[in-house]
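Here is the structure we will look at.
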Amino acid sequence: MSYVFVNDSSQTNVPLLQACIDGDFNYSKRLLESGFDPNIRDSRGRTGLHLAAARGNVDICQLLHKFGADLLATDYQGNTALHLCGHVDTIQFLVSNGLKIDICNHQGATPLVLAKRRGVNKDVIRLLESLEEQEVKGFNRGTHSKLETMQTAESESAMESHSLLNPNLQQGEGVLSSFRTTWQEFVEDLGFWRVLLLIFVIALLSLGIAYYVMLLGSCFRLALSRLSATVEIFCVYV
Numbered sequence: 001m002s003y004v005f006v007n008d009s010s011q012t013n014v015p016l017l018q019a020c021i022d023g024d025f026n027y028s029k030r031l032l033e034s035g036f037d038p039n040i041r042d043s044r045g046r047t048g049l050h051l052a053a054a055r056g057n058v059d060i061c062q063l064l065h066k067f068g069a070d071l072l073a074t075d076y077q078g079n080t081a082l083h084l085c086g087h088v089d090t091i092q093f094l095v096s097n098g099l100k101i102d103i104c105n106h107q108g109a110t111p112l113v114l115a116k117r118r119g120v121n122k123d124v125i126r127l128l129e130s131l132e133e134q135e136v137k138g139f140n141r142g143t144h145s146k147l148e149t150m151q152t153a154e155s156e157s158a159m160e161s162h163s164l165l166n167p168n169l170q171q172g173e174g175v176l177s178s179f180r181t182t183w184q185e186f187v188e189d190l191g192f193w194r195v196l197l198l199i200f201v202i203a204l205l206s207l208g209i210a211y212y213v214m215l216l217g218s219c220f221r222l223a224l225s226r227l228s229a230t231v232e233i234f235c236v237y238v
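According to full-length UniProt numbering, the residues represented by the sequence shown are 1 to 238, in order.
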């Protein structure tokens, strides 16, 4: 499942986008029937189709398409709805309606590359790999030349061979890549200064807790010392 920061204010302020995130088909339909723009975007340039696809809400994807949503719409990073998919049925719907499986975002990443980074379900990975293989065999590359395709395949093959020889490295790189991607998206959604403020607040809380624990330790040692002195005095008199 793709990362979608639900608390993004630009999403919650737009009824249709929030309905797409929530999977509220009936409310989405009412909004579209009342004339709501099916291609309205959030602060990251994502349309309702992006958000519905990311959440696996294929029925809402179909509804948006019916009301004229642009299947080729990209967000500000060049991602199509397919780049955010993490579910078999949404991928099948988008591809069957003409969305290219090999299209790249501004960083040169295909939907398959992003899916691997996010660590989505293996069935989804296999489907994307199969679809990409079909594109290569059909020489129907929407954004790559044949030479670029071969170079990419060779590069990925070399990386896979290296990973097979180093299984621990493969697992570590996958976790690190997934964490890095999630962190970048989190910072982008929340904003750099808010993240910085959050880190600062957490640091202050940590210092406060450490001081409180240290203070409790000092009080405990003092109480123990006084108790020991009292016992000694009692023993002397006894």
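C-beta atoms are modelled at their ideal positions from N, C-alpha and C, and glycine is treated no differently.
Asked: Just to confirm, are A52 and I60 a CB contact at a threshold of 7 Å?; Found: yes
Asked: Is DSSP giving A80 helix, strand or coil here?; Found: Strictly speaking, residue 80 in this sequence is Thr, with Ala absent from that position. Coil, per DSSP.
Asked: Spatial neighbours of N140 within its chain, please: CB distance less than 6 Å, with the 5 preceding and 5 following residues excluded, ordered by chain position.; Found: Reliability fails at N140, whose pLDDT of 47 lies under 50, so the model's placement of it is uncertain and the value that follows must be treated cautiously. Nothing meets the Cβ criterion.
Asked: In the DSSP assignment, the alpha helix (DSSP H) including A69 goes from what residue to what residue?; Found: No alpha helix (DSSP H) contains A69, which DSSP labels as neither H nor E.
Asked: Between residue 270 and L63, which are expected to be in contact by the criterion C-beta below 8 Å, what is the C-beta distance as a whole number of angstroms?; Found: Past the boundaries of the shown model lies residue 270; the chain is included only from 1 to 238, so the question cannot be answered.
Asked: Who are R41's beta bridge partners in DSSP?; Found: T47
Asked: Please report the residue range of the alpha helix (DSSP H) in which V113 lies.; Found: 111 to 118
Asked: At the level of alpha carbons, what is the spacing between D123 and C85?; Found: 12 Å
Asked: Please check the pair L49 and A81, which I expect to be a contact at CB under 8 Å, by giving their CB distance rounded to whole angstroms.; Found: 5 Å
Asked: CB L128 to CB L99, shorter than 7 Å?; Found: no
Asked: For a test of the three-state rule: what should DSSP assign to D24, helix, strand or coil?; Found: coil
Asked: Do you know offhand how far S163's Cα is from S96's?; Found: Low per-residue confidence applies at S163: pLDDT is 48, beneath 50, and the placement is therefore not dependable, though the value from the model is reported in the following sentence. Each residue's Cα considered, the two are about 33 Å apart.
Asked: Put C104 into one of helix, strand or coil per three-state DSSP.; Found: coil
Asked: Determine whether the beta carbon atoms of N79 and N105 lie at a separation below 7 Å.; Found: yes
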